[in-house]
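*Asks:*
Protein chains: 2
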Amino acid sequence: MQLFTERGFESTTVAEIAERAGLTERTFFRHFTDKREVLFAGSASLVELLAEHVAGAPDAATPIDAVSGALQAAGAVIQQRGDWSRRRQAVIVANSELQERELIKLASLASTLAEALRRRGVDDPGASLTAEAGIVAFKVAYERWVQQPTKRNLPRLIQESLDQLRAITAGG
Amino acid sequence: MQLFTERGFESTTVAEIAERAGLTERTFFRHFTDKREVLFAGSASLVELLAEHVAGAPDAATPIDAVSGALQAAGAVIQQRGDWSRRRQAVIVANSELQERELIKLASLASTLAEALRRRGVDDPGASLTAEAGIVAFKVAYERWVQQPTKRNLPRLIQESLDQLRAITAGG
Chain A
2 MQLFTERGFE STTVAEIAER AGLTERTFFR HFTDKREVLF AGSASLVELL AEHVAGAPDA
62 ATPIDAVSGA LQAAGAVIQQ RGDWSRRRQA VIVANSELQE RELIKLASLA STLAEALRRR
122 GVDDPGASLT AEAGIVAFKV AYERWVQQPT KRNLPRLIQE SLDQLRAITA GG
Chain B
2 MQLFTERGFE STTVAEIAER AGLTERTFFR HFTDKREVLF AGSASLVELL AEHVAGAPDA
62 ATPIDAVSGA LQAAGAVIQQ RGDWSRRRQA VIVANSELQE RELIKLASLA STLAEALRRR
122 GVDDPGASLT AEAGIVAFKV AYERWVQQPT KRNLPRLIQE SLDQLRAITA GG
């Protein structure tokens with residue numbers, strides 16, 4: 002990550018990343034398919050965490066509450082990455098291909114949430130709408146948090162975003 | 002579009018598209034940068050239409066009403082493309098690169114709406130949240146509409162999606 006910050010994502014080679022991390026290139030490729038995966042590898046565990054939390058929400062939880070709980074749990078995990086996330090964001094914002102990949106990863110998180118809701122018996126289009134609304138709140142909260150990740154609380158910002166989304170759709 | 006449907010997007014060449022349309026390849030490239038643009042060229046005019054409608058909404062309109070009006074106006078334009086949209090969707094769903102491009106185009110529509118709201122004096126994160134919520138409603142409505150575009154009314158489905166989003170975020 003430090004290399005990406007110093008030299009830019011495009012100019013950094015896998016050989017340099019491996020050297021800095023004290024790995025051989027072969028070991029690097031055992032963990033990551035390419036250098037972009039250094040930035041996006043975390044999303045597979047987020048997918049699992051979101052699916053588990055929606056599945057494990059109390060029976061009485063409304064769909065948006067199940068999604069909210071899952072996203073706040075994910076937020077708590079991301080919170081621990083602290084300043085790493087801020088540097089990662091700076092690398093992504095500087096590269097349009099990485100921005101597109103970030104969009105695609107967010108879309109896959111939304112699909113995961115929608116599928117988990119369907120398994121709880123939520124019909125479409127409600128399942129898709131709830132999942133996408135949750136991801137919108139998450140995305141906006143994340144963008145606020147990542148500017149000062151050590152000072153702000155991501156789960157709380159996610160809750161605030163959802164509250165604001167409620168006020169907005171009610172015509173506020 | 003018919004060629005994409007018959008042969009698949011990947012196997013269709015620009016030469017074939019131009020021939021079917023009665024154009025030379027040179028004329029084709031005067032209108033489109035590549036064959037993908039045949040599918041996405043409409044989004045530039047949508048960007049303009051959305052920006053104009055948000056700017057032109059009554060002063061008393063809430064942010065979500067301004068966005069809703071703009072999206073329904075866009076929906077009315079898309080409605081006229083009727084069955085073309087259904088064939089376009091079938092081509093896109095079959096190709097992951099095109100799906101990613103569709104996501105990116107939707108993200109740029111959301112940015113357009115957010116920027117238009119900021120010009121109306123709406124602060125962030127409210128402007129981003131309102132714009133993204135509108136695009137979520139639009140996307141879900143579009144996916145429902147495009148299955149039977151000649152039988153369903155897209156502006157009405159957009160309104161329904163926004164109503165449902167309100168009920169969902171209120172905990173329904």
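Those protein sequence lines, which keep their order, are chains A and B.
When you read off a place in the first sequence, starting at 1, and then add 1, the result is the number in my numbering.
When you read off a place in the second sequence, starting at 1, and then add 1, the result is the number in my numbering.
Ideal Cβ positions, reconstructed from N, Cα and C, are used throughout, including at glycine.
Keep in mind that this is a model prediction, so the values were computed, not measured.
Which of helix, strand or coil does DSSP assign to residue 43/B?
*Replies:* Translated into positions along the second sequence, residue 43/B becomes position 42. The answer is helix: DSSP assigns residue 43/B an H, G or I state.
*Asks:* Using a Cβ cut-off of 8 angstroms, pull out every chain B residue sitting near residue 86/A, in sequence order please.
*Replies:* If you number the first sequence from 1, residue 86/A lands on position 85. Scanning chain B for C-beta atoms nearer than 8 angstroms to the C-beta of residue 86/A yields nothing, as the closest lies near 18 angstroms away.
*Asks:* For residue 12/A, which three-state DSSP category applies?
*Replies:* For the purposes of this step, residue 12/A is taken as residue 11 along the first sequence, with counting starting at 1. Residue 12/A sits in coil when the DSSP states are folded into three classes, being neither helix nor strand.
*Asks:* Any C-beta of chain A sitting closer than 8 angstroms to the C-beta of residue 169/B?
*Replies:* Position 168 of the second sequence holds residue 169/B. Cβ-Cβ to chain A under 8 angstroms: yes for residue 169/B.
*Asks:* For residue 5/A, which of 138/A, 72/A, 65/A and 96/A has the nearest alpha-carbon?
*Replies:* Sequence index remark: in the first sequence, residue 5/A carries index 4 (1-based). It is 96/A.
*Asks:* Contact between the region 135 to 154 of chain A and the region 151 to 160 of chain B is defined here as three or more beta-carbon pairs at a separation below 8 angstroms; is this criterion met?
*Replies:* no
*Asks:* When the distance is taken between beta carbons, is residue 106/B closer than 8 angstroms to residue 41/B?
*Replies:* For the purposes of this step, residue 41/B is taken as residue 40 along the second sequence, with counting starting at 1. For the purposes of this step, residue 106/B is taken as residue 105 along the second sequence, with counting starting at 1. A contact, by the Cβ cut-off of 8 angstroms.
*Asks:* Determine whether the Cβ of residue 50/B lies closer than 8 angstroms to any Cβ atom of chain A.
*Replies:* Position 49 of the second sequence, counted from the start, is the residue given in the question as residue 50/B. No, residue 50/B lies away from the interface with chain A (no Cβ there is under 8 angstroms from its Cβ).
*Asks:* If you follow the alpha helix (DSSP H) that residue 63/A is part of, which residue opens it and which one closes it?
*Replies:* In the first sequence, the residue the question calls residue 63/A occupies position 62. Here residue 63/A belongs to no alpha helix (DSSP H), and DSSP marks it neither H nor E.
*Asks:* Keeping to the same chain, check which residues put their C-beta closer than 8 angstroms to that of residue 100/A; ignore five residues upstream and five downstream.
*Replies:* For the purposes of this step, residue 100/A is identified with residue 99 of the first sequence, where counting begins at 1. Here the set comprises 93 and 94.
*Asks:* For residue 33/A, which residues of its own chain have a beta-carbon under 7 angstroms away from its beta-carbon, when the five flanking residues on both sides are left out?
*Replies:* Position 32 of the first sequence holds residue 33/A. Closer than 7 angstroms at Cβ, skipping near neighbours: 39 and 42.
*Asks:* Please list, in chain order, the residues of the region 99 to 127 of chain A that have any C-beta partner in chain B closer than 7 angstroms.
*Replies:* For the region 99 to 127 of chain A, which is checked against every Cβ of chain B, the residues closer than 7 angstroms are 101, 104, 105, 108, 126 and 127.
*Asks:* Return the residues of the region 148 to 170 of chain A that lie within a Cβ-Cβ distance of less than 8 angstroms from chain B, sorted by chain order.
*Replies:* 162, 163, 165, 166, 167, 169 and 170
*Asks:* Run down chain B in chain order and give the residues with a C-beta less than 9 angstroms from the C-beta of residue 130/A.
*Replies:* Within the first sequence, the letter at position 129 stands for residue 130/A. Under the 9 angstroms cutoff, chain B gives 137, 138, 141, 162, 165, 166 and 169.
*Asks:* Helix, strand or coil for residue 174/B? Go by DSSP, reduced to three states.
*Replies:* The structure shown does not extend to residue 174/B, since chain B is modelled only from 2 to 173, so the question has no answer here.
*Asks:* Could you check the C-alpha separation between residue 164/B and residue 127/A for me, to the nearest Å?
*Replies:* Working through the second sequence from its first residue, we reach residue 164/B at position 163. Working through the first sequence from its first residue, we reach residue 127/A at position 126. Cα to Cα, residue 164/B sits roughly 11 angstroms from residue 127/A.
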